[in-house]
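J.: Read left to right, the sequence shown gives residues 27 to 391 (the numbering used here).
Structure incoming, see below.
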Amino acid sequence: MGSKKIYHILGLMSGSSLDGLDIAFCKFELDEGKINWEILQAETLSYDLKWKLRLLDLPHHTALDFAKTHTYFGHYMGELVNTFIHKHNIEADFIASHGHTIFHYPEKLLTVQIGDGAALASKTGLPVICDFRSHDLALEGEGTPLAPTADHYLFPEYDFLLNLGGIANITHQKNGKRTAFDITPLNQVLNELAMHEGLEYDEDGNLAQSGAFIPELYEYLNRYPYYHKPLPKSLDNQNIKKQFIPKVLNFESSNANKLHTCCKVFGYQIAQVIASFGVNDHSKILVTGGGAFNVFLMNCIQEELGKKMEIRLPSKEIIMFKEALLMALLGLLRVENNINCFSEITNALSDSIGGAIYQGIKKHI
């Protein structure tokens, strides 16, 4: 990175929890190799029920349905972005979009995030950078997690960075080296149980708090094969939907009890991973993602960790929009021709600069 430059970037993230499109309008200032940043505006624009159901069911539809949804979702995201732009009266240099993951099979060198970049560029008139994972997969990597890039550039002072989204993932940073991977299914499981109670999600973990512990379910879920896989590893949403969620739903007990027990399982698995790296009184852990607002889940994690490590929460804005911020950063690094996917994380053959560019009609990179 050369002399001082300023970018204004729209980062877009659509996560497995299906709560909507996270949009973060970010300012980056590059100065002598340093990145100064701030989130200027951020918002989650909810998906309507039609889109939630379509994204949820898409893996089971025809190839033609898939192709149409990929294109239509790009146009739909463009409409949401335009709403955001007009509401906040902003001007962006470009959009960096993750899209929505439908398939992720690194063992087959395959990952697919829908949301046609060309459609998004056409709808907004802005250049679009998307498809950040495919290059790493082509290099025989996991293609995930991408979060360590943000952790490296934007949060270097923390030893652990834990993201509690639809899937929980972690980055450990020590002596300039990073280890990162998916730990466990998380919010997509808790949200599924909450929906069976007519709730969109379990606010503050209140329903889980009211439930009772189920020892048999706890032991059963802790045998989930993914937990015992060696690194590097990453979780696929379809595996969770086929192998984890049905085990929870089919267990005979109340949803409150299942929520309570799942939080205990997740707290245990997260704490086990953190402890495996070794912690001390000076270790710092930053927690982001929607699960950070689940008071009962956070208590479960803290109880498992004990008093040796204190969990730190950043601003509400960073908790909610770190992944959208990450997308903006990945786009910035792509434009600057800097590495944005680390092979030491994904086990790829080499580091890579991921992202396909679709030029808009208003501005050019």
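Glycine included, every Cβ here is placed at the ideal spot set by N, Cα and C.
(1) Do the CB positions of Leu351 and Cys156 come within less than 7 Å of each other?
(2) Starting from Glu286, trace the alpha helix (DSSP H) in both directions and tell me its first and last residue.
(3) Among Ser40, Lys76, Asn108, which residue has its Cα nearest to the Cα of Gly141?
(4) If you measure from the beta carbon of Asn108 to each beta carbon in chain C, is any gap under 7 Å?
(5) Give the list of continuous beta strand (DSSP E) stretches no shorter than 3 residues that lie fully inside the region 177-236.
(6) Just to confirm the assignment: which complete beta strand (DSSP E) runs, minimum length 3, are found wholly within the region 346-389?
(7) Classify Met27 as helix, strand or coil using the three-state DSSP reduction.
(8) Touch check for the region 188-195 and the region 311-330: three-plus C-beta pairs under 8 Å?
(9) Roughly how many whole angstroms lie between the Cα atoms of Val274 and Tyr252?
(10) Please confirm if the region 286-298 is in contact with the region 243-251, defined as three or more CB-CB distances below 8 Å between the two stretches.
(11) At 4 residues or longer, and completely inside the region 48-85: list those alpha helix (DSSP H) runs for me, N to C.
(12) According to DSSP, is Gly46 helix, strand or coil?
(13) To which residues of the same chain is Phe303 closer than 6 Å at the C-beta, ignoring the five residues directly before and after it?
(14) So Ala68 and Ala50 are in contact, right, with Cβ under 8 Å, and what is the actual spacing, rounded?
(15) Give me the Cα-Cα distance between Leu257 and Thr205, rounded to the nearest whole angstrom.
(16) Only counting the same chain, and skipping five residues up and downstream in sequence, which positions put a Cβ closer than 7 Å to that of Pro174?
(17) Could you compute how far the alpha carbon of His390 sits from the alpha carbon of Leu172?
(18) How many angstroms separate the CA atom of His114 from the CA atom of Leu79?
T.: According to the structure shown:
(1) no
(2) A quick correction: the sequence has His, not Glu, at residue 286. Taken as a continuous stretch (DSSP letters only), the alpha helix (DSSP H) holding His286 covers 281-303.
(3) Ser40
(4) Among the protein chains of the structure shown there is no chain C, as only one such chain exists.
(5) 186-190, 193-200, 203-211
(6) 382-384
(7) With a pLDDT of 49 at Met27, under the threshold of 50, the predicted position of this residue should be treated as unreliable, and no value is reported.
(8) yes
(9) 16 Å
(10) yes
(11) 75-83
(12) coil
(13) His198
(14) 4 Å
(15) 9 Å
(16) Thr197, Arg204, Ala206, Phe368, Ile371
(17) At His390 the pLDDT is 48, less than 50, meaning the model places this residue with poor confidence; the figure from the coordinates comes in the next sentence. Roughly 26 Å between the two C-alpha positions.
(18) 29 Å
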